[in-house]
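The structure appears below as structure tokens.
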Amino acid sequence: MQRSRSFGRCVIGVLAVLALCLAGCKKKPGAIAELSKADGPVEREQGQGAWLDAPIGTKYMLGDAARTADGGAELKLGGGSAFVTMDPYTVLRFGGGSGGSAQIGVELGAISLTGAGDYGLDVGNVKVGDKGSIRITAKGQGKSSVELLVGTAQISGLDGQVLELEVGKVLELGIGPIVVSASPDAGVPDAAVAEVPVDAGVPTSDEGSLEVVGKKAEILMAGQTKWTPLPAGMGKLPKGAQIRLGAGTTAKLVANGVTLSLAGGSRSAISDTLEFSLELGVATTTVAPATEGTVGVPGGGVLVRGSEKGPGKARLDVNAKGETKVAVLDGSAKLTGALGTALDMKTGETASLAKAGAIRQTAKIPDYYDLRIVIGETPTFTVHDPRGVTALQFAFNGKCGSGGTIEMDTDGRFRTPRVTGGKDAANILAEAGSWSYRLVCSGGGAVASGRLVVRRDTGTRPLPKDPPVNPIDPDGRTYRISYQSLIPNVKIKAPAGGSSYKLHLATGGVDELFESGKPSFTIDGKKLKEATYTYWIEKDGVKQDKVSTLIIDFDQTAPQVYIESPSNGRPFEADVNVRGAVLPGWSAMVEGVEIPIDKNTRRFAAKVPKPSAAQALAIRLSHPQRGVHFYLRRGSK
Numbered sequence: 015m016q017r018s019r020s021f022g023r024c025v026i027g028v029l030a031v032l033a034l035c036l037a038g039c040k041k042k043p044g045a046i047a048e049l050s051k052a053d054g055p056v057e058r059e060q061g062q063g064a065w066l067d068a069p070i071g072t073k074y075m076l077g078d079a080a081r082t083a084d085g086g087a088e089l090k091l092g093g094g095s096a097f098v099t100m101d102p103y104t105v106l107r108f109g110g111g112s113g114g115s116a117q118i119g120v121e122l123g124a125i126s127l128t129g130a131g132d133y134g135l136d137v138g139n140v141k142v143g144d145k146g147s148i149r150i151t152a153k154g155q156g157k158s159s160v161e162l163l164v165g166t167a168q169i170s171g172l173d174g175q176v177l178e179l180e181v182g183k184v185l186e187l188g189i190g191p192i193v194v195s196a197s198p199d200a201g202v203p204d205a206a207v208a209e210v211p212v213d214a215g216v217p218t219s220d221e222g223s224l225e226v227v228g229k230k231a232e233i234l235m236a237g238q239t240k241w242t243p244l245p246a247g248m249g250k251l252p253k254g255a256q257i258r259l260g261a262g263t264t265a266k267l268v269a270n271g272v273t274l275s276l277a278g279g280s281r282s283a284i285s286d287t288l289e290f291s292l293e294l295g296v297a298t299t300t301v302a303p304a305t306e307g308t309v310g311v312p313g314g315g316v317l318v319r320g321s322e323k324g325p326g327k328a329r330l331d332v333n334a335k336g337e338t339k340v341a342v343l344d345g346s347a348k349l350t351g352a353l354g355t356a357l358d359m360k361t362g363e364t365a366s367l368a369k370a371g372a373i374r375q376t377a378k379i380p381d382y383y384d385l386r387i388v389i390g391e392t393p394t395f396t397v398h399d400p401r402g403v404t405a406l407q408f409a410f411n412g413k414c415g416s417g418g419t420i421e422m423d424t425d426g427r428f429r430t431p432r433v434t435g436g437k438d439a440a441n442i443l444a445e446a447g448s449w450s451y452r453l454v455c456s457g458g459g460a461v462a463s464g465r466l467v468v469r470r471d472t473g474t475r476p477l478p479k480d481p482p483v484n485p486i487d488p489d490g491r492t493y494r495i496s497y498q499s500l501i502p503n504v505k506i507k508a509p510a511g512g513s514s515y516k517l518h519l520a521t522g523g524v525d526e527l528f529e530s531g532k533p534s535f536t537i538d539g540k541k542l543k544e545a546t547y548t549y550w551i552e553k554d555g556v557k558q559d560k561v562s563t564l565i566i567d568f569d570q571t572a573p574q575v576y577i578e579s580p581s582n583g584r585p586f587e588a589d590v591n592v593r594g595a596v597l598p599g600w601s602a603m604v605e606g607v608e609i610p611i612d613k614n615t616r617r618f619a620a621k622v623p624k625p626s627a628a629q630a631l632a633i634r635l636s637h638p639q640r641g642v643h644f645y646l647r648r649g650s651k
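First residue of the sequence shown? That's 15 in the numbering used here, and the numbers climb one at a time after it.
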């Protein structure tokens, strides 16, 4: 496999980077862009801060980033003569470039740039004519595409050659020569592609390049002992140099077709053969499709490979003890240890490497599934699994014609997701805990998302019995009743010695009055609800001086479902006997077939076919307030 080489004096960086020149501006820099339209939630990240909601009129300064969710957005540039239209699920950043320019980096998704003017790219310049519009799509780190949508536009290469953009033809930009290809929707005939011999002499470089965002970056040159500050922006990366970053500063290093994106607090080096090593911190390494590249880590190295159609990408995390965590995000990888150990890894798999060279695999993509989830049918659900680890298969439900990937993360911002892909479905392992997931179509953005919880639970805890009467007193104290199935009856005892009694029970501004000739009141639980009540007593028309409080809430730890049969781990018969019981409000289903529940006993029973493709039988229980819950049973092998 041939490794990509750096080409020319400039590279794209992480993803598609468009430089909007601010020539002639000698005043204090103002806003680069302003949010003018939004079809859904839009957020702004100020520098390296937190993502915050961005209302219409939000101004974006140098170093800021914009992010869309399930709707698009429009940003006016400069004085408003040009504007950027963001697709849903797109991230763009206004980074700093040389010569006082601002760079729009498309980190995810795609944008359209409309308006006449000269715009700089790191591989040349783009000139958009009157009423012209171009589209920039992120294709992976170090690779992007530019396409003319309407009007006229031209790009000038670093060698001065001018290329006219044409509607229906896409320019592939990245590390290496510009490639022109037909747009998939252009309807033009296939053209012959000139084959370049392997030994054609592709230009190479004897140094790498870097782009720094932030003020806390330093470099140590080969043979030197003193670290020197690195300014923000693009620059060269000599052989043998070391880079270290402070908090809030990031950097993108590029050499030999490998992009290493460093987070704040990271430390890296480049060897005499232009290979990177990550010594400390978090980084993402990326290679272009059909290429590979290696990054050294304490105790070994990580070889990342791109597929024929997509990039290769892995997340590396090196702690202070020299232990490395590796997660393959795209393509494949091979983790090697200093002890001669090696591990081949696929998309979505994770492993750890000790400083001494020992390898331990921590997550593997299963070739089977316990539970199949159809995207769009049950966005939020809970799995009750006796093992506490469930193999899920997400069926794409026709939402991705060319295949897609499932991303799953404990963080809803998907900063460190597990990733698995497929054409019509994808498998992934989910351990006990809460997870966010989303479906991302190949070449596009996220089209569906949801939340899931996995609990280690057999579903065999007995259901709570009908509640007894709960006695409380009007003594000025606070009482709490946590009910499990039904709100119990409440008995309140009043001070004796009177002939007539009144109980005031108030909540939400409503005071309900109960009368009795005896010093006690029994309140039917059906008249009560989840709420906070205050109550007091009148005896013979005189209000007693003690006002008490009663809090009624639902016991979230109480079992709601009891699965009697089948037993977990027993062989499945051809027809599986499913039996159990539920609290009020639940409905039961297996493989889309509803199981009747007796209204009096709240028990259910049915015979269902044993699972064919799945490894487990899934009993689906749903409740209007408690949501959808799957109880799993596995047969013996």
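Where a beta carbon is used, it is the ideal one built from N, C-alpha and C, also for glycine.
Local conformation of residue i per DSSP, three classes
i           : result
residue 197 : Here the model assigns residue 197 a pLDDT of 49, short of 50, so the residue's position is not dependable and the matter cannot be decided.
residue 540 : helix
residue 642 : strand
residue 455 : strand
residue 205 : Residue placement at residue 205 cannot be trusted, given a pLDDT of 35 that sits under 50; the coordinates are not used to answer.
residue 625 : coil
residue 373 : strand
residue 256 : strand
residue 378 : coil
residue 85  : coil
residue 510 : coil
residue 561 : coil
residue 411 : coil
residue 383 : coil
residue 664 : Look at the range of the chain in this structure, 15 to 651, and you will see that residue 664 is not part of it.
residue 474 : coil
residue 284 : strand
Cα-Cα separation, residue i to residue j
i           : j           : result
residue 108 : residue 491 : 59 Å
residue 639 : residue 404 : 24 Å
residue 202 : residue 185 : The pLDDT assigned to residue 202 is 35, lower than 50, so where the model puts this residue is not dependable, and the model offers no usable value.
residue 356 : residue 313 : 12 Å
residue 324 : residue 577 : 45 Å
residue 395 : residue 571 : 17 Å
residue 553 : residue 488 : 12 Å
residue 322 : residue 238 : 42 Å
residue 502 : residue 123 : 54 Å
residue 465 : residue 76  : 35 Å
residue 270 : residue 359 : 22 Å
residue 654 : residue 224 : An answer regarding residue 654 cannot be provided, because it is not within the stretch 15 to 651 covered by the chain.
residue 505 : residue 400 : 40 Å
residue 428 : residue 105 : 13 Å
residue 287 : residue 222 : 10 Å
residue 441 : residue 343 : 14 Å
Residues that residue i bridges to, as DSSP identifies them
i           : result
residue 132 : 141
residue 235 : Partner(s): none; residue 235 has no beta bridge.
residue 73  : 48
residue 500 : According to DSSP, which records beta bridges pairwise, residue 500 is partnered with nothing at all.
residue 149 : 126 and 161
residue 591 : 621
residue 465 : 394 and 450
residue 611 : 618
residue 521 : 524
Residue interval of the beta strand (DSSP E) (run including residue i)
i           : result
residue 574 : Neither: residue 574 is in no beta strand (DSSP E) and is coded neither H nor E.
residue 636 : 630-637
residue 97  : 96-100
residue 276 : 272-276
residue 314 : 314-319
residue 552 : 545-553
residue 443 : 439-445
residue 485 : 484-486
residue 663 : Because the chain is modelled from 15 through 651, residue 663 falls outside the range shown and cannot be assessed.
Contact test: residue i Cβ vs the ligand MG heavy atom, cutoff 6 Å
i           : result
residue 391 : In terms of ligand content, the structure shown is empty, and the ligand MG therefore cannot be addressed.
Would the stretch 615-628 count as touching the stretch 359-368 if we require 3 or more Cβ pairs under 8 Å?
no
Any 3 or more C-beta pairs closer than 8 Å across the stretch 552-565 and the stretch 578-597:
At 8 Å Cβ cutoff, the stretches do not touch.
Would you call the stretch 594-609 in contact with the stretch 550-560, where contact means no fewer than 3 C-beta pairs closer than 8 Å?
no
Counting Cβ pairs, one atom from each stretch, are 3 or more of them under 8 Å apart for the stretch 242-262 and the stretch 219-233?
yes
At least 3 beta-carbon pairs within less than 8 Å: the stretch 413-426 vs the stretch 377-388:
no
Is it true that the stretch 596-612 meets the stretch 523-533, where meeting means three or more beta-carbon pairs spaced less than 8 Å apart?
The stretch 596-612 vs the stretch 523-533: no contact.
Taking three-plus beta-carbon pairs below 8 Å as touching, is the stretch 477-486 in contact with the stretch 505-519?
yes
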